[in-house]
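Residue numbers (my numbering): 3 to 206.
Here a beta-carbon is modelled for each residue, glycine too, at the ideal position from N, C-alpha and C.
Quick caveat: nothing in here was measured; it's all calculated off a predicted structure.
Reviewing the structure listed below.
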Ligand SMILES: N[C@@H](CCC(=O)N[C@@H](CS)C(=O)NCC(=O)O)C(=O)O
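Below, the structure is given as structure tokens:
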């Protein structure tokens, strides 16, 4: 398999999932500034939606959209429990989380990173604060979104929480999210993904 990604973006979530799954894969980087891949192709040639992530399967077919890619990876390795079994109520709960993160967090950042008007930026920060507050309440004292077990929803959540500082948002009012982020980032597979994308700060 091959994952088309761009450093630190939403493609980090499937990158983490692939490493948690311990599946073999190659990485192909897209430059966010130019929209070109490291092999010189334009991103549009791989995904005519023009964005990452794209998971290319060994038969050459391609899957896009974070939520779909995450579930696909999880279902390749059911014993890793990265997602509840398809068809169960718990699986719909996972989809509820994934959809919330995609639409009420991930996409809300848009004006913060695309030179939005001042009013759009302010409203985006307010909306994100509202979503973070709701997430914090739902998380309660659980270590992970689905309870005791890490799932691909946590991979997606930590990916979008990583953007908060660059978006001018201090996560301190939501200590549950701060500790979930720290807990997830300490997982060996997550550290490996962060390291591979050059996102781990070296101390000293
Ligand atoms: N709906 C898509 C959104 C993917 C997306 O927003 N990708 C961003 C990175 S987080 C991207 O590749 N943007 C390319 C660009 O803005 O040129 C999904 O869920 O996968």
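Spatial distance of residue i from residue j (CA atoms)
{"i": "residue 206", "j": "residue 65", "result": "The pLDDT assigned to residue 206 is 41, lower than 50, so where the model puts this residue is not dependable; a value taken from the coordinates is nonetheless given after this. Roughly 40 Å separates the two Cα atoms."}
{"i": "residue 161", "j": "residue 179", "result": "12 Å"}
{"i": "residue 133", "j": "residue 4", "result": "32 Å"}
{"i": "residue 135", "j": "residue 176", "result": "7 Å"}
{"i": "residue 53", "j": "residue 150", "result": "33 Å"}
{"i": "residue 210", "j": "residue 122", "result": "Lying outside 3 to 206, the shown extent of the chain, residue 210 is not represented and no answer is given."}
{"i": "residue 46", "j": "residue 37", "result": "8 Å"}
{"i": "residue 167", "j": "residue 159", "result": "15 Å"}
{"i": "residue 89", "j": "residue 77", "result": "12 Å"}
{"i": "residue 87", "j": "residue 41", "result": "37 Å"}
{"i": "residue 33", "j": "residue 8", "result": "6 Å"}
{"i": "residue 29", "j": "residue 188", "result": "22 Å"}
{"i": "residue 58", "j": "residue 194", "result": "21 Å"}
{"i": "residue 153", "j": "residue 109", "result": "21 Å"}
Endpoints, alpha helix (DSSP H) assigned at residue i
{"i": "residue 45", "result": "45-48"}
{"i": "residue 72", "result": "68-78"}
{"i": "residue 160", "result": "154-163"}
{"i": "residue 56", "result": "Looking at the DSSP string, residue 56 is not in any alpha helix (DSSP H); the run it does join, the beta strand (DSSP E), is 56-58."}
{"i": "residue 42", "result": "Unbroken run through residue 42: none, as it is neither H nor E."}
{"i": "residue 222", "result": "Residue coverage of the chain in this structure runs from 3 to 206, which leaves residue 222 outside it and unanswerable."}
{"i": "residue 174", "result": "That residue, residue 174, is in no alpha helix (DSSP H); it is neither H nor E in DSSP."}
{"i": "residue 102", "result": "91-102"}
{"i": "residue 22", "result": "14-23"}
{"i": "residue 193", "result": "190-198"}
{"i": "residue 115", "result": "112-115"}
Continuous beta strand (DSSP E) stretch holding residue i: start and end
{"i": "residue 6", "result": "4-7"}
{"i": "residue 216", "result": "Lying outside 3 to 206, the shown extent of the chain, residue 216 is not represented and no answer is given."}
{"i": "residue 119", "result": "Where residue 119 is concerned, there is no enclosing beta strand (DSSP E), given that its DSSP letter is neither H nor E."}
Near ligand 1: residue i beta-carbon under 7 Å from a heavy atom
{"i": "residue 52", "result": "yes"}
{"i": "residue 90", "result": "no"}
{"i": "residue 34", "result": "yes"}
{"i": "residue 30", "result": "no"}
{"i": "residue 55", "result": "yes"}
{"i": "residue 105", "result": "no"}
{"i": "residue 67", "result": "yes"}
{"i": "residue 126", "result": "no"}
{"i": "residue 11", "result": "yes"}
{"i": "residue 37", "result": "yes"}
Residue i: CB within 7 Å of a non-hydrogen atom of ligand 3
{"i": "residue 8", "result": "Ligand 3 is absent from the structure shown, which contains only ligand 1."}
Beta bridge counterpart(s) of residue i as assigned by DSSP
{"i": "residue 65", "result": "57"}
{"i": "residue 134", "result": "None; residue 134 has no bridge partner."}
{"i": "residue 149", "result": "146"}
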